[in-house]
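See structure below.
2 protein chains.
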Amino acid sequence: MSTASDISTAETTESRIWGAAAKLFYDKGYHATTMRDIASEVGIKAGSLYNHFPGKQDILLRISLQTTRELHEGAVARLDGITDIEEAIRAFLQWHVEFHAKNKLASRVADGQLPALSEENRLAVLEMRDAHEQLFRDLLRRGAAELGWTVADERVISFGILTMCTEVDAWFRDDGPLTAEAIGDMYADFVLRGLRGDSS
Amino acid sequence: MSTASDISTAETTESRIWGAAAKLFYDKGYHATTMRDIASEVGIKAGSLYNHFPGKQDILLRISLQTTRELHEGAVARLDGITDIEEAIRAFLQWHVEFHAKNKLASRVADGQLPALSEENRLAVLEMRDAHEQLFRDLLRRGAAELGWTVADERVISFGILTMCTEVDAWFRDDGPLTAEAIGDMYADFVLRGLRGDSS
DNA sequence: GTCTATAGATGGATAGAC
DNA sequence: GTCTATCCATCTATAGAC
């Protein structure tokens, strides 16, 4: 079984290419990364990459699609059985932050390199990402309905919250002072206070 | 005098190149944009671009540096004379949101295309961006000191807040239902509630 | 599966006429 | 300032030997 945390620890040549590409796309972007760069990172020659992937575009697609799917499916799984709405939002945000921290390379590539995907490929990734965002907007709506929150604009606020949590993939460091879980707690606390809107 | 809103309305060939490049870098990214693309958008040939800029890298540098400088200097100007800390934070965030909404092309290029800048050029832009972020962290610290806010981690929270407001440049539309000012209000309200932390 | 070699296309930048 | 023409480097992808 492949889980999110496997992403950087697998062992086949295909998965080593996957990981090398994710790292390079993260650092330099898709167009600035060459097939020679990727091959070099893996320790093979550029031509050999084509024994594992049909082309460069396909490497990006697989990284983006797989990562976005794992993000979304993981969120759905985390919410299973949770009925309290604040608890659900907390669980969602913690998962979202932890995933982006622990899979920072692939996660940031998955949405930062969207313009580098072909139209068809981009739509496939966006469809999955939209489902994930919709899941969160539904939670926001439930909170407003059940707890009387006044969310100024559901779309604007949800974009803001998700972006804040997503961006962790830009600065998180495994060897930093904070764990992914601790950061998830901080953001969940901050967001829930903002949503409750006790004063204004 | 050049203000932020002039960015897309100037008339010299140089400024038309500036605007065309910002649009293309925004849509496709620096490396996916060719000098021929930029020239075509302006209505000239690629070779003619070199009468106005020494090269492609320099076009990106000027967009990034000028935009980041205007963002920062505008914030400093907005804060002038404001002593109340909540009012100051509100003013800062409103400016930050409005700037990114009204200069969405150049703003997004300025920090999304940082990896495409040479080491030296990137450091110049980052220095200015860091000054801007530091300004906000100082406000956060003042709020914590003066009003007893409990900010879990100043750096993590400030990154989150700024990212939320910056990302407006990814989805704002001039012809959308919300003005930049309205969005700035929403985020400032949300953030200040989260900072006050009335309940937890 | 790996490699070397290369085809074929494209892009940044320059030269020089106007 | 504009243009056309082109150099030269580089990149993706393929061919074919091992």
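As given, the protein sequences belong to chains A and B, one line each in that order. The number in our numbering is simply the position in the first sequence, starting from 1, with 854 added. The number in our numbering is simply the position in the second sequence, starting from 1, with 854 added. Cβ coordinates follow ideal geometry from the N, Cα and C atoms, glycine included.
With DSSP collapsed to three states, give me the class of residue 918/B. Here residue 918/B refers to the residue found at position 64 of the second sequence. Three-state result, residue 918/B: helix.
Can you name, in chain order, every residue of its own chain whose Cβ lies under 8 Å from the Cβ of residue 986/A, other than the five neighbours on each side? As a working note, residue 986/A is residue 132 in the first sequence. Counting only Cβ-Cβ distances below 8 Å, and skipping sequence neighbours, we find 922, 925, 926, 929.
Beta carbon of residue 967/A, beta carbon of residue 894/A: below 8 Å? Within the first sequence, the letter at position 113 stands for residue 967/A. Within the first sequence, the letter at position 40 stands for residue 894/A. No, Cβ-Cβ distance for residue 967/A and residue 894/A is not below 8 Å.
Considering only the alpha carbon of each residue, which of 1015/A, 949/A, 960/A lies closest to residue 1036/A? For this step, residue 1036/A is matched to residue 182 along the first sequence. Comparing Cα positions, the closest option is 949/A.
Measure from the alpha carbon of residue 1032/B to the alpha carbon of each residue in 961/B, 983/B, 993/B, 952/B, then state which is nearest. The sequence position of residue 1032/B within the second sequence is 178, counting from 1. Cα-wise, what sits closest to residue 1032/B is 952/B.
Against chain B, does residue 1021/A count as a neighbour if the rule is that its beta carbon must be under 8 Å from one of theirs? What you label residue 1021/A is simply residue 167 of the first sequence in a count that begins at 1. So, interface residue.
Taking the continuous alpha helix (DSSP H) assigned at residue 870/A, which residues delimit it? Your numbering for residue 870/A matches position 16 in the first sequence. Element bounds for residue 870/A: 867-882.
With 8 Å set as the bound, which would you pick, yes or no: does the beta-carbon of residue 1043/A sit closer than that to a beta-carbon of chain B? Looking up residue 1043/A in the first sequence gives position 189. Yes, residue 1043/A counts as interfacial toward chain B.
With 16 as the cutoff for other CB atoms within 10 Å, does residue 1012/B come out buried or exposed? As a working mapping, residue 1012/B is identified with position 158 in the second sequence. Classification of residue 1012/B: buried, given that the 10 Å Cβ count is 16 or more.
Proximity to residue 931/A [Cα-Cα], best of 945/A, 874/A, 897/A: Counting from one through the first sequence, the residue named residue 931/A turns up at place 77. Of the listed residues, the one whose Cα sits closest to residue 931/A is 945/A.
Quick check on the DSSP output: what are the complete alpha helix (DSSP H) runs of length 4 or more inside the region 897-967 of chain B, in order along the chain? Look at the region 897-967 of chain B and you find these whole runs of alpha helix (DSSP H), each 4 residues long or longer: 900-903, 910-933, 939-956, 958-966.
What does a CB cutoff of less than 7 Å around residue 936/B pick up in its chain, not counting 5 residues either side in sequence? Here the question's residue 936/B lines up with position 82 in the second sequence. Cβ within range, chain order: 942, 945.
Residue of 875/A, 1048/A, 993/A minimising C-alpha distance to residue 938/A: The residue labelled residue 938/A in the question sits at position 84 within the first sequence. Checking every option, the nearest Cα to that of residue 938/A belongs to 993/A.
For residue 969/A, decide whether its Cβ has a neighbour in chain B, counting only Cβ atoms nearer than 8 Å. For this step, residue 969/A is matched to residue 115 along the first sequence. Judged by the 8 Å Cβ criterion, residue 969/A is in contact with chain B.
Between the alpha carbons of residue 991/B and residue 1008/B, how many angstroms are there, rounded? As a first step, residue 991/B is located in the second sequence; it is residue number 137 there, counting from the start. As a first step, residue 1008/B is located in the second sequence; it is residue number 154 there, counting from the start. Approximately 7 Å, taken between the alpha carbons.
Give the single residue among 976/A, 1021/A, 872/A whose Cα lies nearest to the Cα of residue 906/A. Position 52 of the first sequence holds residue 906/A. Of the candidates 976/A, 1021/A, 872/A, the one whose C-alpha sits nearest the C-alpha of residue 906/A is 872/A.
Using a Cβ-Cβ cut-off of less than 9 Å, give me the residues of the region 919-931 of chain B that come near chain A, in sequence order. none
Using a Cβ-Cβ distance cut-off of 8 Å, determine whether residue 881/B contacts chain A. Taking the first residue of the second sequence as position 1, residue 881/B is located at position 27. Taking Cβ atoms only, chain A reaches closer than 8 Å to residue 881/B, which makes this a yes.
Going by beta carbon distance, what residues of the same chain come within less than 7 Å of residue 855/A, once the five residues before and after it are set aside? In the first sequence, counting from the first residue as 1, residue 855/A sits at position 1. Legend: pLDDT at residue 855/A = 43, less than 50; position of this residue unreliable, value from coordinates given subsequently. Here the set comprises nothing.
For residue 857/A, is the classification buried or exposed, using 16 other Cβ atoms within 10 angstroms of its Cβ as the cut-off for buried? Locating residue 857/A in the first sequence gives position 3, counting from the first residue. Caution is warranted here: a pLDDT of 45 is assigned to residue 857/A, below 50, making its placement in the model unreliable, and the coordinate value is therefore given only provisionally. Exposed: under 16 other Cβ atoms inside 10 Å.
Exposure of residue 880/B, with buried meaning 16 or more beta-carbon neighbours within 10 Å: The count along the second sequence starts at 1 and reaches residue 880/B at position 26. Residue 880/B should be labelled buried.
Tell me which same chain residues have a C-beta within less than 6 Å of the C-beta of residue 955/A, skipping the five on either side of it? Sequence index remark: in the first sequence, residue 955/A carries index 101 (1-based). For residue 955/A, where only same-chain residues beyond five positions count, the Cβ hits under 6 Å are 1022, 1026, 1034.
Would residue 957/B and residue 915/B qualify as a contact pair, given that the criterion is a beta-carbon distance under 8 Å? Position 103 of the second sequence, counted from the first residue, corresponds to residue 957/B. Position 61 of the second sequence, counted from the first residue, corresponds to residue 915/B. No, the Cβ-Cβ distance between residue 957/B and residue 915/B is not below 8 Å.
Kindly say whether residue 943/A, judged by its beta-carbon, lies nearer than 8 Å to any beta-carbon of chain B. In the first sequence, residue 943/A corresponds to position 89, counting from 1. Answer no: the Cβ-Cβ gap between residue 943/A and chain B never drops below 8 Å.
Same chain only: Cβ atoms within 6 Å of residue 965/A, ignoring 5 sequence neighbours per side: By one-based count along the first sequence, residue 965/A stands at place 111. Excluding residues within five positions, none has a Cβ falling inside 6 Å.
The alpha helix (DSSP H) spanning residue 886/A covers which residue range? Mapped onto the first sequence, residue 886/A falls at position 32. That residue, residue 886/A, is in no alpha helix (DSSP H); it is neither H nor E in DSSP.
Alpha helix (DSSP H) containing residue 1038/B: first to last residue? Taking the second sequence and counting its residues from 1, one reaches residue 1038/B at position 184. Counting along the chain, the alpha helix (DSSP H) containing residue 1038/B begins and ends at 1034-1050.
In three-state DSSP terms, what is residue 1031/B? Within the second sequence, residue 1031/B is the residue found at index 177, counting from 1. In the structure shown, residue 1031/B sits in coil (DSSP, three-state: anything other than H, G, I, E or B).
Does the Cβ-Cβ distance between residue 898/B and residue 878/B come in under 8 Å? The residue given as residue 898/B occupies position 44 in the second sequence. The residue given as residue 878/B occupies position 24 in the second sequence. Not closer than 8 Å, so no.
Determine, using beta carbons only, whether residue 1010/A comes closer than 8 Å to chain B. Numbered from 1 along the first sequence, position 156 holds the residue referred to as residue 1010/A. Yes, its Cβ sits closer than 8 Å to a Cβ of chain B.
When we look at the beta-carbon of residue 1050/A and count the other beta-carbons within 10 Å, is it buried (16 or more) or exposed? Looking up residue 1050/A in the first sequence gives position 196. Residue burial annotation: residue 1050/A is buried, with at least 16 other C-beta atoms found within 10 angstroms of its C-beta.
Identify whether residue 984/B lies in helix, strand or coil by the three-state DSSP scheme. The residue you call residue 984/B lines up with position 130 of the second sequence. DSSP places residue 984/B in helix when its eight states are reduced to three.
What is the DSSP secondary structure of residue 1003/A, counted as helix, strand or coil? Position 149 of the first sequence, counted from the start, is the residue given in the question as residue 1003/A. For residue 1003/A, the secondary structure class from DSSP, reduced to helix, strand or coil, is coil.
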